[in-house]
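Undergrad: Chains as they are written, first to last, in the working numbering: chain H, 156 to 405; chain G, 5 to 441.
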């Protein structure tokens, strides 16, 4: 589904990703871990198509198509979803109206008719129940005045609405208390199936107790320096990142 | 002959044609003297530093269009808020159109200035209120000198006027260039409530210059909500002089939506004569090309425990220019005043300009006054966020700009007006939003 080869990316001439290789197949859950400043958020932004980043080398292939020249919205239309570490507040646009616009623009791009209002309401009801979101919440301005937990839950709600093929969850666990973490993880697990894939980017192992990865990768200095199964996450939790750094620098 | 000389020299003939036998005659005669002395404002005056009238004054305007023009309702229906029951006072080239209007004398007076000036039964109201709020600046004085027609609205006490009143001025381009000087007087007595919608609409591309004066008096506990829709054709210019004089515990709001026209200058003045008064001044400006919109506001806090809320948003594209000059005066006696002012702008094009200037003169020491102005581009992180959800760049921009003007719309109390403005904004931004705010 996603094949990243020798990906180099920089922002304002500062190299951040220095040769990433990663392959994600349908049905898989990958975790990308690493210390602060290792390039985790850059990787997610580059996959989602943020324009500030220049891809200087390598390629990102999504479902056999090179997506480097595609705009963020075109990538979204193809089924890539990024759950933001810091969701942006958009005063004046309600959660519901934002989702309606997003879904109908996506359908338009796929050559489909707009979703009838009745179906839209049904979908919203269904997915908001999945994330245990209060209806009143949906008429509030997007992310404005939301708590950290509400913002993250809202991200996963959007993911549930858009049903992406590839979901990248960037530090979705940060700012979540244990109950919110369980709700968010539960939502992700229910949306997971054999045809889609999830990339979880996290600093801590905590979230991976709930969203269990098939593969764990350690990102350091813009490269994936170690890959393994879910036990690697436990090892990192126990021993921290210093031994990885030492291994790499040795 | 320049426009000033033309106006001054035509004054006597004008007065003879209307009437010289009234209280208003004296007021007019004084006013023409003031205009003759001051002339049109120039950029040398502080209040006109960023707005030049030169380009609109150089036309050879017909001052008193004589041709009778008729308009089919079907052709102009779209300029009315037609999906609600309302009173209508409609003028075509400055002359009253009874065919398009719906006035009333049933408990309230919704009728014509020309009648109010000439009929004895209105004499007392005219003497008490006419030209009692307008300042003696040159443009208001010019209007006063030639005031003969416009809307006259008098709501006696304890009346909740359920139907909004629409005041619409059409110009048909029957002359090569037309100057119009409508004069409106609105008096709302104790405990009464009225909603008014005003619009100036040119139906051709012939130049039109409108120099309008509206005086609004809100007596004790009265409520007035006033909506100005400024979406005129590219050769129509408007100088709107509005004066709101409030008595205690009254609430007055003026929303100004400026989406079109060549040059628009809004002189909006609020005077608070009493305690616990609330004044609201809000506006959304969305313009492009070489359009120019200038909001010049004044809120004069004279007595204690009053509030004022100013919120103006502007979106400027192409080589358009905007001005916001917001003056708040808090007199020494006006303790416990809450005065808020915000002016936020987005410049879409590198060639667009906004000059924004808050002007606070505070002489009381126990007050809350705030002001803020921002000039920015669209928030890049918000753009990426929306695009990452599949909303294309153009729609995302539209949605953000739409959201930007939202809190001004939220205080519009007539749903049909809000809907209309929402649609105008969407059209103006060239996006199909697909929902109402």
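Note that CB positions come from ideal geometry on N, CA and C, so glycine has one too. Here the structure is a predicted model, which is why all the values come from computation and not from measurement.
Using a threshold of 7 Å, state whether the C-beta atoms of residue 212 of chain G and residue 288 of chain G are closer than that.
TA: no
Undergrad: Please report the straight-line C-alpha distance between residue 172 of chain H and residue 356 of chain H, rounded to a whole angstrom.
TA: Here the alpha carbons of residue 356 of chain H and residue 172 of chain H stand approximately 15 Å from one another.
Undergrad: Any beta-carbon of chain G closer than 7 Å to the one on residue 315 of chain H?
TA: no
Undergrad: Along the chain, where does the alpha helix (DSSP H) that runs through residue 196 of chain H open and close?
TA: 195-203
Undergrad: Please check if any C-beta of chain G sits within less than 7 Å of the C-beta of residue 205 of chain H.
TA: yes
Undergrad: Answer yes or no: does any C-beta atom of chain H fall closer than 7 Å to that of residue 280 of chain G?
TA: Residue contact with chain H for residue 280 of chain G: absent (no Cβ-Cβ distance below 7 Å to any residue of chain H).
Undergrad: Classify residue 433 of chain G: buried if its beta carbon has 16 or more other beta carbons within 10 angstroms, exposed otherwise.
TA: buried
Undergrad: Could you compute how far the alpha carbon of residue 403 of chain H sits from the alpha carbon of residue 321 of chain H?
TA: 30 Å
Undergrad: Can you have a look at residue 271 of chain H and say buried or exposed, based on whether 16 or more other CB atoms are within 10 angstroms of its CB?
TA: exposed
Undergrad: Round the Cβ separation of residue 329 of chain G and residue 363 of chain G to the nearest angstrom and send it over; I've been treating them as touching at under 8 Å.
TA: Going by Cβ atoms, the distance from residue 329 of chain G to residue 363 of chain G rounds to 7 Å, so yes, they are a contact pair.
Undergrad: In the DSSP assignment, find the alpha helix (DSSP H) that holds residue 373 of chain H and state where it starts and stops.
TA: Run containing residue 373 of chain H: none in the alpha helix (DSSP H); it sits in the beta strand (DSSP E), 370-375.
Undergrad: Within this structure, are the beta carbons of residue 228 of chain H and residue 187 of chain G separated by less than 7 Å?
TA: no
Undergrad: DSSP state of residue 55 of chain G, grouped into three classes?
TA: coil
Undergrad: With 16 as the cutoff for other CB atoms within 10 Å, does residue 326 of chain G come out buried or exposed?
TA: buried
Undergrad: Check this for me: beta carbons of residue 346 of chain H and residue 315 of chain H, under 7 Å apart or not?
TA: yes
Undergrad: Could you work out which residues of chain H lie near residue 164 of chain G, taking near to mean beta carbons separated by less than 9 Å?
TA: Result: empty, since nearest Cβ-Cβ is about 30 Å, beyond 9 Å.
Undergrad: Rounded C-beta distance between residue 44 of chain G and residue 57 of chain G? I'm assuming under 8 Å.
TA: 6 Å
Undergrad: In the DSSP output, what is residue 132 of chain G paired with across the bridge?
TA: BP columns for residue 132 of chain G are empty, so no partner.
Undergrad: Helix, strand or coil, according to DSSP, for residue 208 of chain H in the structure here?
TA: strand
Undergrad: Should residue 392 of chain G be flagged as near chain H, meaning a C-beta pair shorter than 7 Å?
TA: yes
Undergrad: Measuring alpha carbon to alpha carbon, tell me which residue in G:36, G:201 and G:88 is nearest residue 144 of chain G.
TA: G:36
Undergrad: For residue 5 of chain G, count neighbouring Cβ atoms within 10 angstroms of its own Cβ and tell me buried if that reaches 16, exposed if not.
TA: exposed
Undergrad: Please classify residue 277 of chain H as buried or exposed, where buried requires at least 16 neighbouring CB atoms within 10 angstroms.
TA: So residue 277 of chain H ends up on the exposed side.
Undergrad: Going straight from the alpha carbon of residue 81 of chain G to that of residue 341 of chain H, what length do you get?
TA: 55 Å
Undergrad: Is any beta-carbon of chain G found at less than 7 Å from that of residue 392 of chain H?
TA: no
Undergrad: So which residues on chain G does residue 243 of chain H lean against when the C-beta distance must stay under 7 Å?
TA: Neighbours of residue 243 of chain H on chain G, chain order: 385, 386 and 389.
Undergrad: Would DSSP call residue 246 of chain H helix, strand or coil?
TA: Taken through DSSP and simplified to helix, strand or coil, residue 246 of chain H comes out as strand.
Undergrad: Please classify residue 178 of chain H: does DSSP put it in a helix, a strand, or coil?
TA: Residue 178 of chain H: strand per DSSP, three-state reduction.
Undergrad: Take every Cβ of the segment 310-326 of chain G, pair it with every Cβ of the segment 341-358 of chain G, and state whether three or more of those distances are shorter than 8 Å.
TA: Because the criterion of three Cβ pairs below 8 Å is met, the segment 310-326 of chain G and the segment 341-358 of chain G touch.
Undergrad: What do you get for residue 98 of chain G, buried or exposed, if any count of 16 or more other CB atoms within 10 angstroms of its CB means buried?
TA: buried
Undergrad: What residue range is occupied by the uninterrupted alpha helix (DSSP H) comprising residue 408 of chain G?
TA: 397-408
Undergrad: Tell me which residues share the same chain as residue 117 of chain H and place their Cβ nearer than 7 Å to its Cβ, disregarding the 5 neighbours each side in the sequence.
TA: Residue 117 of chain H lies beyond the range of chain H shown here (156 to 405); nothing can be said about it.
Undergrad: On the premise that residue 236 of chain H lies in contact with residue 317 of chain H, defined as a C-beta separation below 8 Å, what is that separation, rounded to the nearest angstrom?
TA: 6 Å
Undergrad: Do the segment 104-116 of chain G and the segment 131-149 of chain G touch if we need at least three Cβ pairs shorter than 8 Å?
TA: no
Undergrad: Does DSSP put residue 424 of chain G in a helix, in a strand, or in coil?
TA: DSSP places residue 424 of chain G in helix when its eight states are reduced to three.
Undergrad: Candidates G:368, G:199 and G:140: which alpha carbon is nearest residue 247 of chain G's?
TA: G:140
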